[in-house]
Structure formats: structure tokens, C-alpha cells
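>
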Amino acid sequence: MLAIRLPEDIEKRLTDLANKTGRTKTFYAKEAILKHMDEIEDKYLAISRLENPGKRWTLDELEQELDLER
19 MLAIRLPEDI
29 EKRLTDLANK
39 TGRTKTFYAK
49 EAILKHMDEI
59 EDKYLAISRL
69 ENPGKRWTLD
79 ELEQELDLER
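Set out below in C-alpha cells:
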């Protein structure tokens, strides 16, 4: 379940679209989220990783840890 507050102008546009097409506002909200979810995840996960960097390995360190030979 998800409840969101939208700016009044966007809420009106969504309501008008739903009324004109016979679909629900939920249908269009879900469509928008699904269409853009990959892009949103990429953006905000990248920002999070830049703001909170974790451990980084060099190629040599990674190969040694995984016991790989070149």
C-alpha cells in the first residue's frame, strides 16, 4: 500500500486523465513508477555510494583474495 501527496496541479492532471480514459489514478501512478524505477534506482544508489563509499579493492587485491592467477 502506498499513499502519496502530489502537488495540486499534478493531482488534477492525473484525475482528469483517469476520468477521460476510464482508468484509475492508481493505474497511471503504477505505470509511471514502473517505467522509471530502473532509472531512479541507478541515480539514487549511485549518489548514495558516492556519499557513503565502502571498501574498494585494486585488481591485484581482488585476485589475491579470490586466489586467481593472471
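In our numbering, the protein residues as written are 19 to 88. Using N, Cα and C, we set each Cβ at its ideal position, and we do this for glycine too.
Where does residue 41 sit, in a helix, a strand or coil, going by DSSP?
Taking the sequence shown and counting its residues from 1, the one referred to as residue 41 is at position 23. It is coil, neither helix nor strand.
> Using only the alpha-carbon positions, how far apart do residue 84 and residue 77 sit?
Locating residue 84 in the sequence shown gives position 66, where the first residue counts as 1. Locating residue 77 in the sequence shown gives position 59, where the first residue counts as 1. Straight-line Cα distance between these residues: approximately 11 angstroms.
> Going by DSSP, what residue range makes up the alpha helix (DSSP H) through residue 92?
Absent from the structure is residue 92, since the part of the chain shown begins at 19 and ends at 88.
> At the level of alpha carbons, what is the spacing between residue 30 and residue 80?
Taking the first residue of the sequence shown as position 1, residue 30 is located at position 12. Taking the first residue of the sequence shown as position 1, residue 80 is located at position 62. Approximately 54 angstroms, taken between the alpha carbons.
> Which whole-angstrom value describes the C-beta separation of residue 46 and residue 32, a residue pair presumed to lie in contact below a C-beta threshold of 8 angstroms?
The sequence position of residue 46 within the sequence shown is 28, counting from 1. The sequence position of residue 32 within the sequence shown is 14, counting from 1. About 6 angstroms; that satisfies the 8 angstroms criterion.
> Helix, strand or coil, according to DSSP, for residue 22 in the structure here?
Residue mapping note: residue 22 aligns to position 4 of the sequence shown, counting from 1. Residue 22 falls in the coil class under three-state DSSP.
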